[in-house]
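First comes the structure, then the notes that go with it.
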Amino acid sequence: MAAPFVSFTSKALGTILRGQPLTKCVFPKVHLSVYNPKYVEPVLDKDTLTKGLEDGDARHHMPIKAPTTDLSISPLFYDDDVRKFTNMMMKTGNKERVREITRKLFENIKHMQVEKYNKATTDEERSQIECNPITIFKTAVENCKPLLTNIRVVKGGVAYRVPVCARPSDQRFRAMKWIIESCRDKERRIPMENKLTWEIMDAYNNQGKAVRKKQEVHRICESNRAYAHLR
Amino acid sequence: MAASIPKKLGTLASRAGLALRKSVFPLENGSQACACLSVAAKRSENNQRSSFRTNEADPRKHTLDHTGLYYEIPEDEMTILKTGIPSGHLRLMKSFNESCLMVRRPALELSGYLKNINLNHPAPRFVLYGRRGSGKTITMHHTMQCCHRNGWIIVHVPWAGKWVRGWFKEVAASTFKPGRYDLPADSAEWLTQFRAQNQGKLQDLKTTSEYIWTKREKAEIGTSFEEIINFGLTRLKFSSDCVGVILKELRAQAQAKGLKVLVAIDSVNAFYVQWNKLNALKNMEKKQLQPGEISLIHNFKKMINTNWTHGAVVCAVSEEANDETKRESYTPIYLLGQEGFEALDPFVPIFVPEYSEKEALSNINYFIDRNWIQNHYGKTDDGKRELMFVSNKNPFNLARICSHL
Amino acid sequence: MASNSVGRWIRSRRLLSFVKSPEFRAEKTSYSSQQCLLHSSSKSMNEESNDLSNQKEATTESEDFRVYQIEGLKKAPSAKRAEQWSKRAPPPRYHSMPIDQDWTNVWPTATTFKWSAIPFPVRQGYVENSSENESVIPSKYANLELMKGPNFLHLTPGHVKKHCKAIKHFCTKWPEGLQTEEDCHKHFPLESITADYVFAGPTLTDDRARKACIKFKLSDLDLDYHAKDKFIRLVGDRYDSATDEVTFESDRCPLKSQNLEYVKFLLTAVYFESWKIEEWEQRKELSDMEKYNWDINKSSKTCLSLLKTIKEIDNASGNETSKLKYLPEDVQDSSSVYDLSEIHQYKTAVEELVNDGENVETLTSYKLAVEKLLNLKTDV
Numbered sequence: 001m002a003a004p005f006v007s008f009t010s011k012a013l014g015t016i017l018r019g020q021p022l023t024k025c026v027f028p029k030v031h032l033s034v035y036n037p038k039y040v041e042p043v044l045d046k047d048t049l050t051k052g053l054e055d056g057d058a059r060h061h062m063p064i065k066a067p068t069t070d071l072s073i074s075p076l077f078y079d080d081d082v083r084k085f086t087n088m089m090m091k092t093g094n095k096e097r098v099r100e101i102t103r104k105l106f107e108n109i110k111h112m113q114v115e116k117y118n119k120a121t122t123d124e125e126r127s128q129i130e131c132n133p134i135t136i137f138k139t140a141v142e143n144c145k146p147l148l149t150n151i152r153v154v155k156g157g158v159a160y161r162v163p164v165c166a167r168p169s170d171q172r173f174r175a176m177k178w179i180i181e182s183c184r185d186k187e188r189r190i191p192m193e194n195k196l197t198w199e200i201m202d203a204y205n206n207q208g209k210a211v212r213k214k215q216e217v218h219r220i221c222e223s224n225r226a227y228a229h230l231r
Numbered sequence: 001m002a003a004s005i006p007k008k009l010g011t012l013a014s015r016a017g018l019a020l021r022k023s024v025f026p027l028e029n030g031s032q033a034c035a036c037l038s039v040a041a042k043r044s045e046n047n048q049r050s051s052f053r054t055n056e057a058d059p060r061k062h063t064l065d066h067t068g069l070y071y072e073i074p075e076d077e078m079t080i081l082k083t084g085i086p087s088g089h090l091r092l093m094k095s096f097n098e099s100c101l102m103v104r105r106p107a108l109e110l111s112g113y114l115k116n117i118n119l120n121h122p123a124p125r126f127v128l129y130g131r132r133g134s135g136k137t138i139t140m141h142h143t144m145q146c147c148h149r150n151g152w153i154i155v156h157v158p159w160a161g162k163w164v165r166g167w168f169k170e171v172a173a174s175t176f177k178p179g180r181y182d183l184p185a186d187s188a189e190w191l192t193q194f195r196a197q198n199q200g201k202l203q204d205l206k207t208t209s210e211y212i213w214t215k216r217e218k219a220e221i222g223t224s225f226e227e228i229i230n231f232g233l234t235r236l237k238f239s240s241d242c243v244g245v246i247l248k249e250l251r252a253q254a255q256a257k258g259l260k261v262l263v264a265i266d267s268v269n270a271f272y273v274q275w276n277k278l279n280a281l282k283n284m285e286k287k288q289l290q291p292g293e294i295s296l297i298h299n300f301k302k303m304i305n306t307n308w309t310h311g312a313v314v315c316a317v318s319e320e321a322n323d324e325t326k327r328e329s330y331t332p333i334y335l336l337g338q339e340g341f342e343a344l345d346p347f348v349p350i351f352v353p354e355y356s357e358k359e360a361l362s363n364i365n366y367f368i369d370r371n372w373i374q375n376h377y378g379k380t381d382d383g384k385r386e387l388m389f390v391s392n393k394n395p396f397n398l399a400r401i402c403s404h405l
Numbered sequence: 001m002a003s004n005s006v007g008r009w010i011r012s013r014r015l016l017s018f019v020k021s022p023e024f025r026a027e028k029t030s031y032s033s034q035q036c037l038l039h040s041s042s043k044s045m046n047e048e049s050n051d052l053s054n055q056k057e058a059t060t061e062s063e064d065f066r067v068y069q070i071e072g073l074k075k076a077p078s079a080k081r082a083e084q085w086s087k088r089a090p091p092p093r094y095h096s097m098p099i100d101q102d103w104t105n106v107w108p109t110a111t112t113f114k115w116s117a118i119p120f121p122v123r124q125g126y127v128e129n130s131s132e133n134e135s136v137i138p139s140k141y142a143n144l145e146l147m148k149g150p151n152f153l154h155l156t157p158g159h160v161k162k163h164c165k166a167i168k169h170f171c172t173k174w175p176e177g178l179q180t181e182e183d184c185h186k187h188f189p190l191e192s193i194t195a196d197y198v199f200a201g202p203t204l205t206d207d208r209a210r211k212a213c214i215k216f217k218l219s220d221l222d223l224d225y226h227a228k229d230k231f232i233r234l235v236g237d238r239y240d241s242a243t244d245e246v247t248f249e250s251d252r253c254p255l256k257s258q259n260l261e262y263v264k265f266l267l268t269a270v271y272f273e274s275w276k277i278e279e280w281e282q283r284k285e286l287s288d289m290e291k292y293n294w295d296i297n298k299s300s301k302t303c304l305s306l307l308k309t310i311k312e313i314d315n316a317s318g319n320e321t322s323k324l325k326y327l328p329e330d331v332q333d334s335s336s337v338y339d340l341s342e343i344h345q346y347k348t349a350v351e352e353l354v355n356d357g358e359n360v361e362t363l364t365s366y367k368l369a370v371e372k373l374l375n376l377k378t379d380v
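Residue numbers (UniProt numbering), protein chains in the order written: chain A, 1 to 231; chain B, 1 to 405; chain C, 1 to 380.
Here it is as structure tokens:
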């Protein structure tokens, strides 16, 4: 499955990239932020904050967004991907609950891996085991990221599913969405954090529903590659 | 009691709570701990290990020098101690592939008292108190292990709050006395736990009087405890009565046979304070039950009395066992209420403080050693300081914060 | 009358319809305007006649050669306007004030702020923005803000000294032996407060003047424990526990003297009432107690019975080392047990714990007391 797919991707990417620069967006971009696009993101780096901006930095003269409550400069408690994942999981603004779910998710992952780690007898075995839950989570999301998506293009009254290259933010969104959705589909009585733990550990090993979903999208793109020029 | 303590306490509680919150119990001073932090960073791997660990696995030999250090509990003793240890703690022990507890000052203090007591005198009472998550239960377990090694019989109630709450629980009218109510499932659970915790200590114990369960069934004089427990477990209807029998026999025989009995009750305030209406136990007529009406609690209240010798009573008061409206302070008299204070007085209050700087650091280092803290920043001195600050050095909070790093 | 007739006249002329309103002022104004109107018409008639006479003059002059007068070519001698007499204000007084003047003569009584008499610079007011008054707060000249508020320029030390000097021969000497507050309180424990009101008004009486109030310290009264407790309960919120002061106040009678008499009667009545012990007071229960008293509580009974048991055990065992050493030989007599220092310490500790609330000190002292009571020791 994987081998022909890789060759295709590079080819498809080639055709797509040759046609038009990536900057031209294929999806209509909706501007929903309350901020003017001129505003820049706040600095979350502790060192930069203590040192201050350099003299020539353009941000001296630019308006800066106010940091939201879920941003933090602590490397202990803040990661952008995790924040995004938590917010995507949230329903009806109940952030306290999803944060608790995320906390338990990482706790579960750690329990699984640390137990293996502490039971391992040799150093070689130990070096094989990844214990950092953030790394596992990020790898899992990375494994679920689709390289291509398809968009609907109507040409001559006929709708085509046209494969296009996915933007990085879109890749992240799709990957996380599939992970969350595949967990929501599972047995309702099992706590969400447990379902997520299994799903993420599966995705970490390139298995599971979310990874299959990605492959399915890639397959559709491959079958529709003839429409690539219609974009 | 004069001035009706609950009423008075209602008004004084906030004041008392404030006073306690403001004043810090004398612990290690900051500079010393800071020095400890920087020194710890410089030490080599092996030396660092010794900064949070002790090889002294015998809790009887722990001294103040061992405070803040972790000691390992052997697996066979864990089967005795694990009832009552919070589930999160147990899960950590499983993942760490070893069962370790920290030696802390209140536990040493308590063991010191128990070492010096005169067993011929009526059983003295000790009450552990402290904020939520400050380690009252673990302190109790440390003491229990001490006593277990010294050959004490352990009568342990893991969490008394469970007995006053009605979560789809079976409540039966008492077979022994009308007006009281049995909790067959809870009684059976306690019997199993009691048998497990005192393996090898119960063979010689026989009943000293006759107990008639029904017209046909009775326990003759000289029935062994094992049989009583087995009877309670097979005939759940009588399990509460079996608990009563065992407790009564223990009290009676403690002096005669020179036994040593440790009564350890966690959240003892549940025995005296009415639980809220919503999910309190109710009888068959849907009438809410007072804690004293439950035969299990009635029997255990007798263990707290001073009318028996050769024993010691260690209790812990916890806010969680009280109704949400009565959690303003964590101090013993406020939580126990008037009735509880009268029943326990005179008792020795033992404060279980939150971690000192040294203890918190030791905890974090232990987590790092067990590969539990994965965040790179968390392993640095700054990260450790931040962890201590964010958790306010509360053991429970610290463990909770470290759980996802 | 006049206005009526004018009104009629106006109505007949139908000039102004709004004058029909019966309001006097409106009619009056319209009347004056009509007057003007009449004047102007008469004036115009005069001007007409003047113009006619001018024409006549011009015809007589036209017989000579008429020289054209270019206007503005010859400077007409301007009629010097007589300097109008105006009332000029004299220069402000503060310019001519000597430094060592007697201020009490400048400002003898309370009066409104007068800028010209104030020898110092002062500013008052609010400037909304920089365009207003050049963003400077207005100075004292014609400053209404300074005039609005009361001033105390008539109450300087010099004034007070003068006043005191003036009324000195009306005063008597302060009595000997009442130099300090304590002395006053000792000799005059009861303080009565009344007030008189004087002001310029149509009536000299003031409602507030009939009020009478007495104040005293509760500790000055001769009361035992029960009477004191009852007194406090009887007077209710008239007693302030922080200062130990009781205040009786009355305005129920029409005269001050009657009210004063009444509050004194109140004090007497409450005092004697609080000494009485009614039949129902015998039924006071523990929960009615104002504070925790160890002697009558269950704690003392359990403590005593516990000590008795321990004594029995000690006597039976005969082990010298582990017994409670402080207990006397005979513990059946409870009063001898209560006198022991250990018991006393325990008692105070429990009472403090319940009455003062649980805090570090009370809990520690309770712990130490219990340790001593039961002879418990720890290595730590």
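Note that beta-carbon positions come from the ideal geometry of N, C-alpha and C, so glycine has one too.
The structure displayed is predicted, hence computed values, not measured ones.
Cα-Cα separation, Ser-305 of chain C to Lys-347 of chain C: Rounded to the nearest angstrom, the gap between the Cα atoms of Ser-305 of chain C and Lys-347 of chain C is 15 Å.
Three or more C-beta pairs under 8 Å: does that hold for the region 97 to 109 of chain B against the region 60 to 71 of chain B? Yes, the region 97 to 109 of chain B touches the region 60 to 71 of chain B.
Am I right that Glu-107 of chain A and Ser-403 of chain B are in contact with their C-beta atoms under 8 Å? What's the rounded C-beta distance? Contact flag correct, Cβ pair sits at about 4 Å.
Quick check: what's the CA-CA separation for Glu-312 of chain C versus Val-337 of chain C? Take the alpha-carbon of Glu-312 of chain C and the one of Val-337 of chain C: they are about 14 Å apart.
At a Cβ threshold of 7 Å, is Tyr-377 of chain B touching chain A? Output row for Tyr-377 of chain B: interface = yes.
Leu-147 of chain A versus Ser-74 of chain A - alpha carbon distance: Cα to Cα, the separation comes out at about 32 Å.
Validate contact between the region 129 to 140 of chain A and the region 185 to 205 of chain A using beta carbons, cut 8 Å, 3 pairs: Segments in contact, yes.
Within the chosen definition, does the region 76 to 86 of chain B reach the region 94 to 102 of chain A through at least 3 CB pairs nearer than 8 Å? The way I'd put it, the region 76 to 86 of chain B doesn't touch the region 94 to 102 of chain A; fewer than three beta-carbon pairs between them come closer than 8 Å.
Buried or exposed for Met-284 of chain B, going by 16 or more other Cβ atoms inside 10 Å? Note on Met-284 of chain B: under 16 other CB atoms within 10 angstroms of its CB, so exposed under the neighbour-count rule.
If you reduce the DSSP assignment to three classes, tell me which class residue 262 of chain A lands in. Missing from the structure shown is residue 262 of chain A; chain A here goes from 1 to 231 and no further.
Just to make sure I have the definition right: I need the residues of chain B whose C-beta is within less than 7 Å of the C-beta of Ile-343 of chain C. Which are they? Here the premise fails: no neighbours, minimum Cβ distance about 11 Å.
Please compile the residues from chain C whose C-beta is within a distance smaller than 8 Å of the C-beta of His-62 of chain B. The contacting residues do not exist; His-62 of chain B stays about 10 Å from chain C at best.
Counting contacts by CB-CB distance shorter than 7 Å, is Phe-96 of chain B in contact with chain A? Closer than 7 Å: yes.
Within 7 Å (strictly less), CB to CB, does Leu-374 of chain C reach chain B? Closer than 7 Å: yes.
Under 8 Å, with one C-beta from each stretch per pair, do the region 311 to 326 of chain B and the region 262 to 271 of chain B reach the 3-pair mark? Enough Cβ pairs lie closer than 8 Å, so yes.
With 16 as the cutoff for other CB atoms within 10 Å, does residue 232 of chain A come out buried or exposed? Nothing about residue 232 of chain A can be read from this structure; chain A reaches only from 1 to 231.
State the start and end residues of the unbroken alpha helix (DSSP H) segment that holds Asn-108 of chain A. Here the alpha helix (DSSP H) through Asn-108 of chain A covers 95 to 119.
Assuming Asn-118 of chain A contacts Asn-371 of chain B (C-beta within less than 8 Å), just tell me the rounded distance between them. Contact between Asn-118 of chain A and Asn-371 of chain B holds: their C-beta atoms lie close to 7 Å from each other, under 8 Å.
The alpha helix (DSSP H) with His-163 of chain C in it runs from where to where? Start and end: 157 to 167.
Inter-residue Cα distance where the pair is Asn-194 of chain A and Ser-182 of chain A: About 13 Å.
Where does His-142 of chain B land, buried or exposed, given buried means 16+ other C-beta within 10 angstroms? By the 10 Å Cβ count, His-142 of chain B comes out buried.
Cys-253 of chain C - DSSP class collapsed to helix/strand/coil: Look at Cys-253 of chain C here: in three-state DSSP terms it is coil, with no helix or strand label.
What are the residues of the region 97 to 113 of chain B that lie near chain C, defined by any Cβ-Cβ distance shorter than 7 Å? Only Arg-105, Leu-108, Glu-109, Gly-112 and Tyr-113 from the region 97 to 113 of chain B bring a Cβ to less than 7 Å from some Cβ of chain C.
Quick one: does Lys-119 of chain A have its CB under 7 Å from some CB of chain B? Under the Cβ criterion of 7 Å, Lys-119 of chain A is counted among the residues facing chain B.
Could you give the DSSP three-state label for Gln-128 of chain A: helix, strand or coil? Three-state DSSP puts Gln-128 of chain A in a helix.
Is the Cβ of Leu-327 of chain C closer than 7 Å to any Cβ of chain B? No, its Cβ sits nowhere closer than 7 Å to a Cβ of chain B.
Under the DSSP definition of a beta bridge, which residues are partnered with Gln-288 of chain B? BP columns for Gln-288 of chain B point to B:Lys-282.
What does Ile-64 of chain A pair with, by DSSP beta-bridge criteria? The partner list for Ile-64 of chain A (beta bridge, DSSP) reads A:Val-40.
For Leu-196 of chain A, which of A:Arg-172, A:Glu-125, A:Ile-179 and A:Lys-155 has the nearest alpha-carbon? Out of A:Arg-172, A:Glu-125, A:Ile-179 and A:Lys-155, A:Ile-179 has the C-alpha closest to the C-alpha of Leu-196 of chain A.
What three-state label does DSSP hand Met-102 of chain B in the structure shown? Met-102 of chain B: strand per DSSP, three-state reduction.
List the residues of chain B that Met-110 of chain A touches, going by C-beta distances under 8 Å, in chain order. The sequence shown places Lys at residue 110 of chain A, not Met. Residues of chain B passing the Cβ test: Ser-95, Trp-372, Gln-374, Ser-403 and His-404.
Taking 8 Å as the cut-off, does the region 387 to 394 of chain B touch the region 351 to 369 of chain B (at least 3 CB pairs, one atom from each stretch)? Short answer: they touch.
Within 8 Å, do at least three Cβ pairs link the region 237 to 246 of chain B to the region 201 to 217 of chain B? These segments touch.
Would you mind giving the Cβ-Cβ distance between Leu-230 of chain A and Val-164 of chain A, rounded to the nearest angstrom? I have them listed as a contact below 8 Å. Their Cβ separation, rounded to whole angstroms, is 10 Å, which puts Leu-230 of chain A and Val-164 of chain A out of contact at 8 Å.
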